[in-house]
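Following our numbering, the numbering of the sequence shown begins with 555 at its first residue and continues without gaps.
What follows is one structure encoded as structure tokens, with my remarks underneath.
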Amino acid sequence: SMILAMGIFYGGLAQIIAGIMEWKKGNTFGTTAFTSYGLFWLTLVFLLLMPKYGWWEAASNEAMIAYFFMWGLFTFYMFLGTLKLNRALQVVFLTLTILFWLLAIRDYTGSATIAMIAGYEGIFCGFTAIYAACAQVLNEVYGRTVLPIGPVK
């Protein structure tokens with residue numbers, strides 16, 4: 555499906571390449587964020603595809619709860635790093651932390667309501683990430699603030 559293809563190529567490989575580029579610039583935060591989330595997408599796609607092709611059993615519900623919880627924990631400490639960066643990244647990482655934990659809660663409870671809330675939270679988180687990325691690109695290209703990111707003072 556399109557989501558799996560995006561997970562492999564844009565969510566996965568493109569972010570890993572971006573992480574390597576950040577590493578070459580000496581940006582520890584960017585390196586850690588991009589390579590980690592790139593690998594998140596590749597592992598998630600692999601976890602979803604393995605059972606469909608008979609390569610492996612599907613991950614247990616408990617494993618998926620732990621997977622999303624731990625990604626939420628990782629994202630929370632990355633959020634703490636954004637407290638020295640800018641407000642746009644703070645919103646992205648805080649909403650992503652909430653999303654991962656909502657996904658863990660969804661898998662723990664089996665609640666359709668939590669699943670729906672997580673879906674809306676994911677959409678909101680995605681829009682905040684698009685805004686932050688747009689702002690970084692446009693602000694750099696134009697050499698001025700086109701879209702504010704709320705620098706930390």
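Built from N, CA and C at the ideal position, the CB exists for glycine as well.
With respect to the C-alpha of Gly-566, the residue from Ala-672, Trp-609, Tyr-591, Arg-641 having the closest C-alpha is Tyr-591.
DSSP assignment within the stretch 595–642 yields no whole beta strand (DSSP E) run of 3 residues or more.
With contacts defined by Cβ atoms closer than 9 Å, Cys-679 and Leu-653 form a contacting pair. Where Asn-693 is concerned, the enclosing alpha helix (DSSP H) starts and stops at 666–696. The criterion of a C-beta distance shorter than 9 Å is satisfied by Asp-661 and Asn-615. By the neighbour-count criterion, in which a residue is buried when 16 or more other Cβ atoms sit within 10 angstroms of its Cβ, Gly-626 is buried. A distance below 6 Å between beta-carbons, with the five flanking residues on each side excluded, links Met-604 to the following residues of its chain, in chain order: Trp-610. A residue is called buried once 16 or more other Cβ atoms fall within 10 Å of its Cβ, and Met-624, having fewer, is exposed. Residues of the same chain with a CB within less than 6 Å of the CB of Ile-570, apart from the 5 flanking positions on each side, are Thr-589, Gly-592 in chain order. Of the residues Ala-617, Phe-563, Ile-557, Thr-636, the one whose Cα lies closest to the Cα of Asn-581 is Thr-636. When rounded, the separation of the alpha-carbon atoms in Thr-699 and Tyr-607 is 48 Å. For the set Trp-577, Leu-598, Glu-576, Thr-586, the Cα lying nearest the Cα of Ile-557 is the one of Leu-598. Note on geometry: alpha-carbon atoms of Phe-647 and Ala-587 lie some 10 Å from one another. Here the alpha carbons of Ile-703 and Leu-643 stand approximately 8 Å from one another. A direct Cα-to-Cα measurement between Phe-622 and Ala-658 gives close to 5 Å.
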